[in-house]
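Quick mapping for you: the protein sequence lines, in order, are chains W and U. In terms of my numbering, the first sequence opens at residue 804 and continues consecutively. In terms of my numbering, the second sequence opens at residue 804 and continues consecutively. A virtual CB, placed ideally from N, CA and C, is assigned to each residue, including glycine. Given the structure is predicted, the values throughout are model-derived calculations rather than measurements. Here the structure is laid out as structure tokens; the discussion comes afterwards.
Number of protein chains: 2
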Amino acid sequence: MEELVQRIKEDGRVLGEGVLKVDSFVTHQVDPNLMEAIGYRFAEVFAESGITKIVTIEASGIAPALFAAKKLNVPMIFARKAKSLTMDEELLTSSVYSFTKQVTSQISISRKFLSSEDKVLIIDDFLANGQAAKGLVELCQQAGAQVDGIGIVIEKSFQDGRELLEEMGMRVVSLARIASLQNGEVEFLEGDA
Amino acid sequence: MEELVQRIKEDGRVLGEGVLKVDSFVTHQVDPNLMEAIGYRFAEVFAESGITKIVTIEASGIAPALFAAKKLNVPMIFARKAKSLTMDEELLTSSVYSFTKQVTSQISISRKFLSSEDKVLIIDDFLANGQAAKGLVELCQQAGAQVDGIGIVIEKSFQDGRELLEEMGMRVVSLARIASLQNGEVEFLEGDA
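Here's what the structure looks like:
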């Protein structure tokens, strides 16, 4: 997605250790126009898939997932990283290790929101080692829902997340694919859409 | 906001202890069409205020804040509840006690995203005792930004959050105002917009 790649070139910042910081338009401050364009692109790619639910994880996945859900006219569910006192029902849960935060956390979705009738599009902001997306796939599978694809805003193609998800039989659609962050420079691969 | 009040009547669920559960359309599963209508209503109310930034807090505030930001064509910033490894810059921070989760947490926004040039509209999903909104106001004030108003999706008017914020000189605009949750019934006051 050219508009996204250009924005990463202009406003992304490479920190040490393979970190790409996009906190001025994705992960902290959010550009709603870009998020709409991203969400609509995912909706376009999966327009014929009969998607019934968009699933993401709090917090940075919510913006692109919401616009995709708006365009496909389906509900969006965001998995929770911590259990709330008002989440009293039966939960789908999975463990996710975050290399960024260096903790393993439980993620969960109330079982009542996913069923074997559902065809799910998973959306997340980043794909690195694939642990978050894998956790989301597992939540959907626990409910018997079919995962039709995984839409990723920014893929770090030099990490093994995409391979992990494809080995699980998943279709991965990444709008920006990053080949390398070496020497403080962002090198891109051709994106999927 | 009649559409929101109707939806609360249909799909909201009163738990014990003054808890209104709206997890099927606001706080866990999200209805993007309703969120758009809500965001656009806030945008309409504050259309003439010269708002430059929308500020909310992860995670349930993001959806209504994003659509308001889209309509007003300004960035949306969501305050973080936990510090990320990639948030390396100087932070605005404030303490918030959550009665729902029974913990005090630090919330933060990178200082670079707010300045004395900004006119801020704060948006959140719930207003109960006002601790989260107060924390967001404090973050904006630390940056010297002007807070023009606080847009709330659902206000528990039987708690003292609105009073607290109004005593701080804030304009509070709540789309649904709940007078009481006694006996498992939702009683409404007239909403602000």
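* **Segments of 4+ residues assigned as alpha helix (DSSP H) that fall wholly inside the region 915-974 of chain U** => Scanning the region 915-974 of chain U from its first residue to its last, the whole alpha helix (DSSP H) runs of 4-plus residues come out as 934-945, 964-970.
* Asked: With distances taken between CB atoms, is the gap from GLY933 of chain U to ASP963 of chain U smaller than 8 Å?
  -> Here residue 933 of chain U corresponds to residue number 130 of the second sequence, with the count starting at 1. Here residue 963 of chain U corresponds to residue number 160 of the second sequence, with the count starting at 1. The answer is yes: Cβ separation under 8 Å.
* Given a cut-off of 8 Å, decide if VAL833 of chain U and PRO878 of chain W are closer than it, judged by their beta-carbon atoms. => As a working mapping, residue 878 of chain W is identified with position 75 in the first sequence. As a working mapping, residue 833 of chain U is identified with position 30 in the second sequence. Cβ distance < 8 Å, so PRO878 of chain W and VAL833 of chain U count as in contact.
* May I ask which residues mark the beginning and end of the alpha helix (DSSP H) holding MET838 of chain W? => The count along the first sequence starts at 1 and reaches residue 838 of chain W at position 35. That run of the alpha helix (DSSP H) goes 835-848.
* Kindly list the residues whose CB is nearer than 6 Å to the CB of ILE957 of chain U, restricted to its own chain and excluding five residues on each side of it in sequence; keep chain order. => For this step, residue 957 of chain U is matched to residue 154 along the second sequence. Here the set comprises PHE929, ALA979.
* With C-beta atoms as the reference, is GLY842 of chain W less than 8 Å away from LEU807 of chain W? -> For the purposes of this step, residue 842 of chain W is identified with residue 39 of the first sequence, where counting begins at 1. For the purposes of this step, residue 807 of chain W is identified with residue 4 of the first sequence, where counting begins at 1. No.
* Please report how far the alpha carbon of LEU888 of chain U lies from the alpha carbon of LYS904 of chain W, in whole angstroms. => For the purposes of this step, residue 888 of chain U is taken as the residue at position 85 of the second sequence. For the purposes of this step, residue 904 of chain W is taken as the residue at position 101 of the first sequence. At LEU888 of chain U, the pLDDT of 49 sits below 50, so the modelled position is not reliable; the number obtained from the coordinates is stated separately. About 6 Å.
* **Stretch-stretch touch, CB-based, cutoff 8 Å, three pairs: the region 943-959 of chain U with the region 968-985 of chain U** => Touching, per the Cβ criterion.
* Run of the alpha helix (DSSP H) containing ILE854 of chain W, from where it starts to where it stops -> The residue given as residue 854 of chain W occupies position 51 in the first sequence. For ILE854 of chain W, no alpha helix (DSSP H) run applies, since DSSP gives it neither H nor E.
* Start-to-end residues for the beta strand (DSSP E) that takes in VAL805 of chain U -> Along the second sequence, one-based indexing puts residue 805 of chain U at 2. Position check: residue 805 of chain U holds Glu in this sequence, whereas Val was assumed. Residue range 805-814 is occupied by the alpha helix (DSSP H) that includes GLU805 of chain U, with no beta strand (DSSP E) assigned at that position.
* Near-chain U residues of the region 852-875 of chain W - C-beta to any C-beta below 7 Å -> Identification of residues in the region 852-875 of chain W having a C-beta nearer than 7 Å to some C-beta of chain U yields GLU861, ALA862, ILE865, ALA866, LEU869, ALA872, LYS873, given in sequence order.
* Stretch-stretch touch, CB-based, cutoff 8 Å, three pairs: the region 891-902 of chain U with the region 857-876 of chain W -> Short answer: they don't touch.
* GLY819 of chain U to LEU823 of chain W span [Cα, whole Å] -> Walking along the second sequence from the start, residue 819 of chain U turns up at place 16. Walking along the first sequence from the start, residue 823 of chain W turns up at place 20. Cα-Cα distance, rounded: 45 Å.
* Asked: Which stretch, first to last residue, makes up the alpha helix (DSSP H) that contains PHE828 of chain W?
  -> Within the first sequence, the letter at position 25 stands for residue 828 of chain W. It is not in any alpha helix (DSSP H) - PHE828 of chain W carries neither H nor E in the DSSP assignment.
* To which residues of the same chain is THR907 of chain W closer than 6 Å at the C-beta, ignoring the five residues directly before and after it? -> Residue numbering aside, residue 907 of chain W sits at position 104 when the first sequence is read from its first letter. The beta carbon of THR907 of chain W is closer than 6 Å to those of SER898, TYR900 in its chain, skipping five residues each way along the sequence.
* Confirm, please, whether the CB-CB distance from PHE961 of chain U to ALA935 of chain U is below 8 Å. => One-based indexing of the second sequence puts residue 935 of chain U at position 132. One-based indexing of the second sequence puts residue 961 of chain U at position 158. Going by C-beta atoms, ALA935 of chain U is not nearer than 8 Å to PHE961 of chain U.
* To do: For ILE880 of chain U, decide whether its Cβ has a neighbour in chain W, counting only Cβ atoms nearer than 8 Å.
  => Here residue 880 of chain U refers to the residue found at position 77 of the second sequence. Interface with chain W (8 Å Cβ-Cβ cutoff): ILE880 of chain U is included.
* **Residue-level contact to chain U via CB, GLN849 of chain W, 8 Å cutoff** => For the purposes of this step, residue 849 of chain W is taken as the residue at position 46 of the first sequence. The question names Gln, but residue 849 of chain W in the sequence shown is Phe. Closer than 8 Å: no.
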